Every structure is written in structure tokens, then in C-alpha cells.
Amino acid sequence: MSSSSRSSATDVDNNNNNNNNNSENLAPQLSALFLIRFDKKVGYTIAWKRTASDIPLDGEVEFKSLPSGLHGVKSDLVYFVHEGYAGLSAFANGEAGEEDRNAQFVAVGILVPLSYGRLGRSWLHARRLMKIASALAEDPKATAPLEAFWEEQSKPRSESSTLKPEQFKGHSRTRALSRITAVIPSEQSLPPFHPALSIVEYIDIFGPLVFRLQQAALLRKRILFVGAPPVRNTCEFVYNLSVLASIPNSAAELLSPGTESLLRLRSLFSVGIHDIPLLEKLRSASDSEELSEDGLAAHGWVACTTDEIMVHKNQLYDIVVEIPPTYEAAPQRRRWPVVRTSDGTQIKASQRDVWRYKLLHHELWKYRNGSGQANGDAASDDDQAALLGNKVTEASEEDYNEAYDETVVEPMGWSRFAYLGFMWWASAGESDAYTTRERERDRELLGDLSDFQDGLHTAIIAYFHRSTSSLITRLAEVIELVDDEDEDQDSLVLGKDDISRIGLDTWSEGDKAFVQEFLLMYFGRRAEVHGANLECCGVRVPVF
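Residue numbers (the numbering used here): 3 to 546.
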């Protein structure tokens with residue numbers, strides 16, 4: 003394993019250690035437990051509840067636990083945040099008589115402290131919640147399992163077996179750095195229901211758009227995923243993006259003072275029309291540059307919704323990601339998600355994004371087929387399923403060599419065609435040495451996923467974190483070089499080579515805008531960015 007690979011993996015593992023190795027697989031103690039039923043006269047109501055403190059539930063958690071459209075599925079898991087707590091509800095759709103419209107909708111939900119991480123490790127309760135919800139869908143009055151669950155959770159725990167919320171209070175740089183990465187167990191396989199198990203599916207569904215989503219998340223935009231139920235997958239995609247877009251500890255020290263609140267992207271998970279006041283509050287806080295109680299910048303977040311009306315509330319978000327219902331279909335029938343800005347402008351992947359995605363997808367294909375396993379040993383079916391998540395699809399060479407059409411990728415403009423034609427002519431048909439070096443950098447940055455013994459999820463997280471670290475490190479080097487030459491120079495000038503070395507597409511206007519905004523946000527420096535150009539007979543011909 004390369005030194006950069008080990009460093010990135012260590013960032014993940016160190017964060018686990020900071021969160022108490024003895025308790026990382028211990029299910030968190032509940033702050034609230036509740037049962038929601040559908041009443042044909044009054045709608046969704048809280049039929050049973052218990053709380054460890056005075057947490058407001060009525061008129062709040064009913065809508066968070068049961069997003070719009072959930073009645074169309076048999077079961078689901080919904081993640082959300084409420085009053086400083088992480089929430090998880092298990093939905094079940096049971097049979098009933100005509101008096102109940104032939105259906106019995108119930109949801110069993112919990113709240114746990116956010117001090118345990120983005121989701122408070124609530125997924126460790128998922129299996130039990132689903133079992134209780136399924137039983138209550140058959141007999142809503144049989145609440146004995148809820149009473150037993152709450153009684154069990156009400157028993158005091160020893161200090162060594164739990165994390166205290168006050169351990170993470172305050173906003174010092176040291177504390178902030180200890181929380182920027184998800185709590186990922188160091189064992190090879192993740193526990194069942196861990197949201198990171200869907201990270202391969204996340205990569206597959208968004209294709210080369212994962213890099214544009216990564217950029218938006220790094221710029222701490224307000225990102226809203228929109229899709230139909232079931233909700234669990236989309237909630238997990240929210241988690242995945244937030245984890246991948248965290249600033250690694252090793253790179254955070256290179257950033258300008260005052261950027262501590264930008265190290266991690268806030269995750270709101272499932273939201274609906276009843277959360278509009280919250281989103282408006284966050285927007286107002288952003289305008290006044292306030293910080294939230296957890297020290298995160300208020301303006302940036304990622305969430306998901308099934309309420310399509312939210313798309314029309316474009317003042318509440320910066321980026322909307324429309325996930326088509328065909329994303330689980332076979333490749334030939336699949337439609338790519340659509341990513342747009344709040345003003346309706348579609349965001350497309352760059353040509354270099356396509357190349358990087360094909361490299362990544364090829365490594366995933368190797369892993370799926372066992373050829374990427376350490377020591378050449380193919381994993382068993384059970385082990386492979388644990389690594390790849392709940393839905394493992396068959397992959398072939400053709401899948402990741404698929405041609406991406408203009409619906410998701412920036413077209414290759416006339417300037418790039420001219421450049422490629424010129425290079426072919428100038429090199430007498432030989433390959434472009436510049437492009438070759440660029441692709442070699444991309445291969446080196448990705449590395450070999452089989453180097454990671456911890457699991458495929460760790461390898462993917464480490465790759466994205468290495469990419470972010472490389473971006474920050476190289477920009478810091480450019481700034482240092484400019485300052486050494488002229489300390490009074492406030493603005494920077496980045497050329498084609500600079501853009502290429504930091505992993506961006508020299509032909510892409512989107513990448514040009516990204517690096518300018520990134521430099522201003524994280525380094526407080528304005529930049530003039532120049533892309534690729536042609537030189538013919540000593541005369542430079544700009545191609546932007």
C-alpha cells in the first residue's frame with residue numbers, strides 16, 4: 003500500500019479510536035421511543051411514547067417518521083434529525099379490514115443523541131425496530147415489546163460502555179477535527195444496516211456525477227436529493243456524501259484560520275414540507291454567517307425528500323438531485339440522476355470525471371469478481387455481500403466501459419477537438435504525453451482497492467479523502483510559492499498545469515469555477531484561472 007493510501011486509511015481509523023473502541027458496536031441508549039399509527043379520521047397520530055427527558059414529539063415526529071408516499075411500500079427505514087437528536091423509524095404496512103382501508107400503517111421510532119455521530123449509531127437498533135413494527139402492523143394494540151424495549155433502555159449503563167454528550171461540546175479545532183469522519187468500525191465488515199454499506203450502490207447510481215456532487219458538498223452547498231420511496235437508500239446516500247466530503251485531519255491544518263466550521267457537511271437526512279421552517283432558519287443563519295450549536299456552518303447541508311413540492315421552493319436549496327425511479331433497473335434501462343442548481347441550470351460531469359469514474363468502477367468490478375482480493379483469494383458470497391451492501395448487482399466489463407451521453411457529461415467542445423487533432427498531428431499520431439501523465443496521476447491517486455484489508459467501504463472513503471487532501475495540499479503549495487515571491491499579492495493565477503495537478507479538467511468551466519470558489523472559501527484567496535490552450539508557431543491560441 004502506498005504511503006498516501008496508508009495515511010488516508012489512518013485518518014478513518016484514528017477517528018474510530020477517538021470515539022472509544024470499546025463502545026463502537028454498542029447500540030446507543032434511547033432518548034425517546036414512540037409508536038405512530040394511521041387513523042383514518044385524524045391521520046398519523048402518536049399512539050404510544052416514552053422519553054428520557056422533555057423532548058417535544060407531538061406534531062413533529064409523526065411527519066418525520068412517515069414521509070409522503072410511504073404507504074406505497076411494504077416496509078422501510080427512515081433517518082431524520084429532531085431537536086438535536088438523530089432519529090430512526092421503522093415503517094411497516096400490514097393488512098387490515100375495510101374499516102381501515104385494508105391497510106394498517108405503523109412506524110416505530112427512536113431518538114438518540116447526535117453526540118454518537120451523524121446518525122447516533124441508531125442503525126444498531128434497526129433490526130429490532132423492524133421486528134417490532136412488523137408485529138404491530140398485525141396487531142397495533144400489542145405494545146408489550148415496546149414496554150420491554152423501553153424498560154431495557156432505561157437501565158443505567160456503566161461509564162465505560164457509553165459515550166457522554168458532553169465529551170463533544172465546544173468548538174475547538176481539536177474537537178472539530180475528531181468529528182469530521184464517520185464512525186466506521188475497523189473490522190473488515192460493517193454491522194448490518196450500517197449506511198456505509200450502500201456506498202458502492204451510491205457510486206454505481208450516480209456514475210461520474212459523484213465527482214460533481216463531491217465538489218458541491220466541499221463547497222458546503224445546500225444539497226437536496228429528491229426521489230420516491232423507499233426512503234432508506236436515499237437517506238443512506240445523504241450519509242455517504244457527507245462522509246466522503248469531510249475534510250481529512252491531515253489536510254485541515256493547511257486551511258486558513260476560521261474554517262473549522264467547514265470541515266464537515268451537516269446531514270439533515272429525510273425532510274418534508276413540515277421542515278421548511280427549519281430550512282428557512284438555516285438560510286437566515288447562513289446569511290448572517292452564524293454557526294449552529296454543533297459548530298457547523300449553517301448554510302451547508304445535505305438532505306433528502308419525497309415531497310416533490312420542495313423542488314419548487316428553490317430559495318431553500320442550492321443544488322437539487324433528482325433520482326429517477328429506474329435507478330435500480332438494468333443498465334440498458336437505467337436513467338441517470340439529474341443534478342441542477344436552484345435556478346434550473348443542469349450540472350454535468352467533466353470529461354475527466356468520466357475517465358476517473360471508469361478507473362474507479364473498474365476497481366469495483368475487480369473486487370466484485372474476486373480478482374481484487376488481497377493475496378488473490380476470492381471472498382465467499384456472504385463476505386462479498388457484507389462488503390458490497392444489501393444489493394449486489396452483477397457487473398461486467400461492458401458496464402463500466404459504457405459510453406456516457408450528453409445528459410450527464412459536458413460535451414467535448416470544438417476547442418478540445420482542435421487540441422486533440424493538433425496533438426495528433428504534432429506527435430505524428432503518437433499518444434498525447436500530457437494526457438498520459440494526467441491519467442497516470444489519476445491511477446496513482448486511486449491506487450488498488452485490494453490494498454485495504456478493512457473493507458471496500460474504507461477503500462472508497464480513503465480514495466475520496468485522498469483526492470480532497472491532494473486538492474488542498476497542491477493549492478497550499480501554489481499559495482506558498484506565490485507568497486514567497488510577493489507577500490503583498492492577494493490574488494493567484496492558476497494555469498493549465500496547476501488545474502491538471504489538482505485533479506481537475508483543464509477544459510471544464512465547471513472545474514474552473516469550483517477551484518475559484520474553493521480557494522476563496524478555504525484559503526481566503528481570489529484566483530484567476532486559465533485553462534488549456536494551443537500554441538502554433540509560437541503563438542498561443544486560447545481555447546476557452
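Each residue gets a CB set at the ideal place from its N, CA and C atoms; glycine is no exception.
In this text, all values refer to a predicted model and were calculated from it rather than measured experimentally.
Alpha carbon of residue i to alpha carbon of residue j, nearest angstrom
i    : j    : result
T409 : A287 : 35 Å
V411 : R234 : 28 Å
E530 : L521 : 11 Å
H127 : L473 : 38 Å
E168 : G86  : In this prediction, E168 has a pLDDT of 34, which is less than 50 and means its spatial position is unreliable; what the coordinates show is noted afterwards. Taking the straight line joining both Cα atoms gives about 13 Å.
N251 : W152 : 38 Å
A305 : I321 : 11 Å
T145 : K51  : 10 Å
P69  : T508 : 42 Å
K514 : S502 : 11 Å
K547 : P232 : What is shown of the chain runs 3 to 546, which leaves residue 547 out entirely.
S55  : A464 : 39 Å
P339 : D60  : 35 Å
M523 : K315 : 26 Å
A478 : D500 : 12 Å
I275 : T437 : 48 Å
D550 : S352 : Nothing about residue 550 can be reported from this structure: the residues present for the chain run from 3 to 546 only.
T447 : A219 : According to the sequence displayed, residue 447 carries Leu and not Thr. Approximately 20 Å, taken between the alpha carbons.
H467 : A247 : 7 Å
S258 : A198 : 30 Å
S344 : I38  : 34 Å
D407 : I48  : 48 Å
L28  : D355 : 39 Å
K368 : L113 : 40 Å
D41  : P142 : 11 Å
P193 : K43  : 40 Å
R476 : Y319 : 30 Å
K498 : G45  : 59 Å
R443 : M414 : 22 Å
K157 : Q31  : 9 Å
Residue i: first and last residue of the uninterrupted alpha helix (DSSP H) it sits in
i    : result
E85  : No alpha helix (DSSP H) holds E85; DSSP gives it neither H nor E.
S67  : 63–67
I207 : 201–208
K514 : 511–525
F195 : No alpha helix (DSSP H) contains F195, which DSSP labels as neither H nor E.
W152 : 146–156
A254 : 251–254
E487 : 458–487
N235 : 234–246
A135 : 128–140
DSSP bridge partner residues for residue i (one or two, in chain order)
i    : result
V531 : L496
V322 : L226, R342
E97  : A105
Q348 : R342
P115 : Y87
V110 : L37, A92
D78  : F93
V410 : Looking at the DSSP assignment, V410 forms no beta bridge with any residue, so it has no partner.
Assumed close pair residue i, residue j - CB separation to whole angstroms, cut-off 8 Å
i    : j    : result
L451 : E324 : At roughly 30 Å, the Cβ-Cβ gap does not stay under 8 Å, so L451 and E324 are not in contact.
A139 : Q106 : 5 Å
A109 : S124 : Actually they are not in contact, since the Cβ atoms of A109 and S124 sit about 14 Å apart, beyond 8 Å.
L226 : M312 : 7 Å
G71  : T460 : Contact flag wrong, Cβ pair sits at about 34 Å.
Chain-order list of residues whose beta-carbon lies under 8 Å from that of residue i (same chain, five-residue window excluded)
i    : result
V83  : G89, L116, S269, L270, F271
Q518 : R528, A529, V531
E440 : R354, S502
W357 : R441, D444
Close Cβ partners of residue i (< 7 Å) along its chain, the five nearest in sequence each way excluded
i    : result
G302 : R222, K223, R224, L267, R268
R337 : P326, T328
E62  : H84
F208 : L215, P339
I481 : L494, F525, R527
K76  : N95
S36  : Note on residue identity: the sequence assigns Phe, not Ser, to residue 36. The residues are I48, W50, K51, L59, V63, G111.
Residue range of the unbroken beta strand (DSSP E) whose run includes residue i
i    : result
D41  : 34–41
V304 : 303–307
R335 : First-last for R335: undefined, no H or E at that position.
L267 : Here L267 belongs to no beta strand (DSSP E), and DSSP marks it neither H nor E.
I57  : Segment: none, I57 is in no beta strand (DSSP E) and carries neither H nor E.
Sequence-distant residues of the same chain with beta carbon closer than 6 Å to residue i, five excluded per side
i    : result
Q317 : none
L131 : A92, V110
I349 : R214, V341
Cβ-heavy atom distance, residue i to the ligand GDP, below 7 Å
i    : result
P413 : For the structure depicted, the ligand GDP is absent and the ligand set is empty, with no information on it obtainable.
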